[in-house]
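To start, the structure itself, in structure tokens.
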Amino acid sequence: MNRKQITLWCGAIILILLPPFALQTGSPYLLSLGSRILIYALAAVSLDLLLGYGAMISLGHAAFVGVGAYTVGILHFHSSAAEPVLTWPFLFTGSDNGLLVLPLAALTAAFAALIIGALCLRTIGMHFIMITLAFAQMLYYFFISLEKYGGDDGLSLAARNSLPGLDLGQGSHFYYLCLAALFLFLFFAHKLVNSRFGLIIRGAGNNDRRIKGLGIHSYRYKLTTFVIAGGSAGLAGALLANQTEFVSPGLMHWTLSGELMVMVLLGGLGTLFGPVLGAAVFLLLEETLAMYTEHWMIYMGPFLVLTVIFAKHGLFGFLSGDKEKNG
Amino acid sequence: MLVVEKIETCYGVSQALFDVSLQIGEAEVVTLLGRNGMGKSTTVRSILGLTPVCAGKISYLGHPIEALQSYRIARMGIGLVPEGRQIFPNLTVRENLIATAANTRKTPQPFGLEAVLNIFPRLSDRLSHYGNELSGGEQQMLAIGRALMINPDLLILDEATEGLAPLVRKEIWRALTLLKERGLSILIIDKNIEALMVIAERHYIMEKGHIVWSGTSSELHARPELKSRYLGVDC
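Keeping their order, the protein sequence lines are chains S and U.
Number 309 in the numbering used here belongs to position 309 of the first sequence; there are no gaps in the numbering.
Number 334 in the numbering used here belongs to position 7 of the second sequence; there are no gaps in the numbering.
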């Protein structure tokens, strides 16, 4: 077993054993923080697919988190008010059933990513960064204008979604749902980046013109990756809405996109598992530093700079001794 | 097979190619010669749709290709080994080879990983190395192998042996001879005139964006002044 595998196993064991440890020590807050880390990790890993593998520097990833969260919020709102969401082509009165709501949240975010990605991916470089930011801000202001769904104040959920055999109101059940979602997505993403599809994305990220010169229509591959990343960010948003039992346009603000980007850089760009570590370190530092000062970013900034300078492959590369990029 | 008719290519307001015409037949090896900055690479880029032409026609196997996107041209069977190799440094040798491998035109005896490694045995030992861990010669072998993996009928090499050690050059010429024997059409840009006169049947010389001379190897051999005038070779 090499250093990378040891790091991964240690990480997995810590994550699996966190709920019993939290119960033993009587600290339910730990479970709540753990769930939050897992949800942000899911969103950060999805962003790593774009940033670290496809070199698609999206500053609008929070839009998909927000769309996923609002799907949960809006369906809950209509379900509680017994007011139909749709009357045509069929009557749909909203739902709190996780089996329906969570996949629907991911699909809605994926659909949003399809539309946004189809337009944004016609640009490159700085234009791509700015247009993804513009779309996210557009959605942010759009949801602020939706007074029916709380506008700027957002929507509160009376309860978390229901899932058969699970009580998501219980911290440990919800934690393991988030953990399962993260593990499944990591498994899928690992298979994806090591498949021929992933090789093309990595190649296009490095030299898009060369990939095209070798007979590959890279736009389709990039758009598919954008949709996958958007859908999984939407799932993260749906879980976040469930965790906080609240959704607001703030989830789509560019600052969340920036935070996700910091998590990816901190953990290790193009490492897939790195963003999980990045999310954990970012949120733990935030929690710890915020106890002493509200200006915790003053300390986070230099930490990020030092990590980027001295740990070229992020904290994950530093811990696992992994010098490979995109491997 | 490839017919380029009076193409003109511009970079913004400055014109780089003027009435460039050339032809490559089936299983023929042709070279494009000239000093640096004369338009050889621009010609190749124009053929492959990487730099759009502003006038003229390019047809491949009878189909016009001057308005097609580069990926469509590559799928029709034109493989490029670009200047500077441009291998993917973040992929291993094996990944570089298989990432874009295709046989879209259902070639009866397609190039696969094994066939490429037979041509360049040196790559066999380097399969798990990343592209940026290879020597210049190995990178060039990989770039040729990668182009072969899309199973082209026409292979274009821009600066085939530039900056390579004599022994590596030999290996590249040996490989190109093998490919020629296999029936591949090849367009080569390079400065090693002697080696090119052995491997190629016909040559085009470019000067300031124009084709100023074309002829066979024996015709070029008989006119040493061409080499000194256009290629900077002392005879």
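Beta carbons are placed, not taken as given, at the ideal position from N, Cα and C, and that holds for glycine.
The structure presented is a predicted model; accordingly, all values stated were derived computationally and were not measured.
What three-state label does DSSP hand S:F90 in the structure shown? Residue 90 of chain S sits at position 90 when you count from the first residue of the first sequence. If DSSP states are grouped into helix, strand and coil, S:F90 belongs with coil.
Residues of chain S with CB closer than 9 angstroms to the CB of U:E410, please, in chain order. In the second sequence, the residue the question calls residue 410 of chain U occupies position 83. None at all; the shortest Cβ gap to chain S is about 12 angstroms.
How long is the line joining the alpha carbons of U:H537 and U:P551, rounded to whole angstroms? Here the question's residue 537 of chain U lines up with position 210 in the second sequence. Here the question's residue 551 of chain U lines up with position 224 in the second sequence. Using only the alpha carbons, I get a separation of about 20 angstroms.
Residues near U:V371 by beta carbon distance below 6 angstroms, same chain, minus five either side: As a first step, residue 371 of chain U must be located in the second sequence, where it is residue number 44. Closer than 6 angstroms at Cβ, skipping near neighbours: I483, D485.
Alpha helix (DSSP H) segment containing S:T132, residue limits: Translated into positions along the first sequence, residue 132 of chain S becomes position 132. 125 to 145 is the extent of the alpha helix (DSSP H) around S:T132.
Three-way DSSP call (helix, strand, coil) for S:N97 in this model: As a first step, residue 97 of chain S is located in the first sequence; it is residue number 97 there, counting from the start. In the structure shown, S:N97 adopts extended strand secondary structure according to DSSP, grouped into three states.
Is the distance from the Cβ of U:S397 to the Cβ of S:K212 below 8 angstroms? As a working mapping, residue 397 of chain U is identified with position 70 in the second sequence. As a working mapping, residue 212 of chain S is identified with position 212 in the first sequence. The answer is yes: Cβ separation under 8 angstroms.
CA nearest to the CA of S:A136, picked from S:G151, S:I116, S:G125, S:G154: Locating residue 136 of chain S in the first sequence gives position 136, where the first residue counts as 1. Here the closest residue by C-alpha is S:I116.
From which residue to which residue does the alpha helix (DSSP H) around S:R85 run? Here residue 85 of chain S refers to the residue found at position 85 of the first sequence. The question names Arg, but residue 85 of chain S is Val in the sequence shown. Counting along the chain, S:V85 falls outside any alpha helix (DSSP H), and DSSP gives it neither H nor E.
Tell me the rounded alpha-carbon separation between S:N326 and S:T108. As a position in the first sequence, residue 326 of chain S is number 326, starting the count at 1. As a position in the first sequence, residue 108 of chain S is number 108, starting the count at 1. Residue confidence for S:N326 is low, a pLDDT of 49 falling below 50, so the modelled location carries little weight and cannot support an answer.
Starting from U:E534, trace the beta strand (DSSP E) in both directions and tell me its first and last residue. Stepping through the second sequence from its first residue, residue 534 of chain U is reached at position 207. Segment 529 to 534, the beta strand (DSSP E) holding U:E534.
Please name the residue in U:L511, U:W540, U:E534, U:R421 whose C-alpha comes closest to that of U:A354. Residue mapping note: residue 354 of chain U aligns to position 27 of the second sequence, counting from 1. Nearest of U:L511, U:W540, U:E534, U:R421 to U:A354, Cα basis: U:L511.
If we count Cβ pairs, one from each stretch, closer than 8 angstroms, do we get three or more for the region 13 to 24 of chain S versus the region 232 to 248 of chain S? no
Spatial distance of S:Y29 from S:G278 (CA atoms): Counted from its first residue, the first sequence places residue 29 of chain S at position 29. Counted from its first residue, the first sequence places residue 278 of chain S at position 278. If you draw a straight line from the Cα of S:Y29 to the Cα of S:G278, it comes to about 20 angstroms.
Contained alpha helix (DSSP H) runs [length at least 4] in the region 227 to 277 of chain S, N- to C-terminal order: 254 to 267
By the DSSP assignment, the beta strand (DSSP E) with U:V408 in it spans what residues? Taking the second sequence and counting its residues from 1, the one referred to as residue 408 of chain U is at position 81. 405 to 408 is the extent of the beta strand (DSSP E) around U:V408.
Taking all protein chains shown into account, do 16 or more other C-beta atoms lie within 10 angstroms of the C-beta of S:I6, making it buried, or fewer, making it exposed? Here the question's residue 6 of chain S lines up with position 6 in the first sequence. So S:I6 counts as exposed.
Quick one: measure Cβ to Cβ for S:G231 and S:A43, integer angstroms, because I've assumed they're closer than 8 angstroms. Residue numbering aside, residue 231 of chain S sits at position 231 when the first sequence is read from its first letter. Residue numbering aside, residue 43 of chain S sits at position 43 when the first sequence is read from its first letter. 11 angstroms between Cβ atoms; not a contact.
Classify U:P379 as buried or exposed, calling it buried when 16 or more other Cβ atoms lie within 10 Å of its own Cβ. Working through the second sequence from its first residue, we reach residue 379 of chain U at position 52. Exposed is the label assigned to U:P379, since fewer than 16 other Cβ atoms lie within 10 Å of its Cβ.
Between the region 407 to 439 of chain U and chain S, which residues of the former have a C-beta closer than 9 angstroms to a C-beta of the latter? L407, P409, Q413, I414, F415, P416, N417, L418, T419, E422, N423, I425, A426, T427, A428, A429, T431
Would a C-beta distance cut-off of 8 angstroms place S:M56 and S:F128 closer than the cut-off? Numbered from 1 along the first sequence, position 56 holds the residue referred to as residue 56 of chain S. Numbered from 1 along the first sequence, position 128 holds the residue referred to as residue 128 of chain S. For S:M56 and S:F128, yes; Cβs fall inside 8 angstroms.
Do you know whose CA, among S:L23, S:G73, S:L223, lies nearest S:G237's CA? Within the first sequence, residue 237 of chain S is the residue found at index 237, counting from 1. Of S:L23, S:G73, S:L223, the residue nearest in Cα terms is S:G73.
By the criterion of Cβ-Cβ separation under 7 angstroms, what are the contact partners of S:T217 in chain U? Here residue 217 of chain S corresponds to residue number 217 of the first sequence, with the count starting at 1. A small correction: the amino acid at residue 217 of chain S is His; Thr does not occupy that position in the sequence shown. Correct list: Y398.
How would you list, in chain order, the residues of chain S whose beta-carbon sits under 7 angstroms from the beta-carbon of U:R496? Walking along the second sequence from the start, residue 496 of chain U turns up at place 169. Residues of chain S passing the Cβ test: none, with the nearest at roughly 23 angstroms.
Does S:G203 get closer than 8 angstroms to chain U when you measure Cβ to Cβ? Taking the first sequence and counting its residues from 1, one reaches residue 203 of chain S at position 203. Chain U, which has a Cβ nearer than 8 angstroms to the Cβ of S:G203, makes this yes.
Residue-level contact to chain U via CB, S:L214, 8 angstroms cutoff: Locating residue 214 of chain S in the first sequence gives position 214, where the first residue counts as 1. Taking Cβ atoms only, chain U reaches closer than 8 angstroms to S:L214, which makes this a yes.
Using CA coordinates, which residue listed in S:S27, S:A63, S:Y219, S:A69 is at the minimum distance from S:Y149? The residue labelled residue 149 of chain S in the question sits at position 149 within the first sequence. Taking only the C-alpha atoms, the option nearest S:Y149 is S:A69.
Of all the options S:I131, S:L121, S:L239, S:A118, which has the alpha carbon lying nearest to the alpha carbon of S:G171? Residue numbering aside, residue 171 of chain S sits at position 171 when the first sequence is read from its first letter. Checked all of S:I131, S:L121, S:L239, S:A118; the closest Cα to S:G171 is S:L239.
Residues in its own chain within less than 7 angstroms of S:A311 by CB, not counting five upstream and five downstream? Here residue 311 of chain S corresponds to residue number 311 of the first sequence, with the count starting at 1. Apart from the 5 residues on each side of it in sequence, S:A311 sits with its Cβ closer than 7 angstroms to the Cβ of G317, F318 in its chain, given in chain order.
Residues of chain S with CB closer than 8 angstroms to the CB of U:R402, please, in chain order. As a working mapping, residue 402 of chain U is identified with position 75 in the second sequence. Close to U:R402, with beta-carbon spacing below 8 angstroms, are these residues of chain S in chain order: G215.
Delimiting residues of the beta strand (DSSP E) encompassing U:L484: What you label residue 484 of chain U is simply residue 157 of the second sequence in a count that begins at 1. It spans 481 to 485 - the beta strand (DSSP E) in which U:L484 sits, taken as one unbroken run.
For U:C381 and U:L503, the rounded distance between their alpha carbons: Your numbering for residue 503 of chain U matches position 176 in the second sequence. Your numbering for residue 381 of chain U matches position 54 in the second sequence. If I take the Cα positions, the gap works out to 32 angstroms.
Under 7 angstroms (Cβ pairs) to chain U, residues found in the region 285 to 310 of chain S: none
Boundaries of the beta strand (DSSP E) in which U:A343 is found, first to last residue: Translated into the one-based positions of the second sequence, residue 343 of chain U becomes position 16. From DSSP, the beta strand (DSSP E) with U:A343 extends over 341 to 351.
If we require 3 or more residues per run, which beta strand (DSSP E) segments fall completely within the region 346 to 386 of chain U? 356 to 360
Nearest to U:R412 by alpha carbon, out of U:T488, U:G364, U:Y338, U:I446? Mapped onto the second sequence, residue 412 of chain U falls at position 85. U:T488 is the residue among U:T488, U:G364, U:Y338, U:I446 whose C-alpha sits nearest the C-alpha of U:R412.
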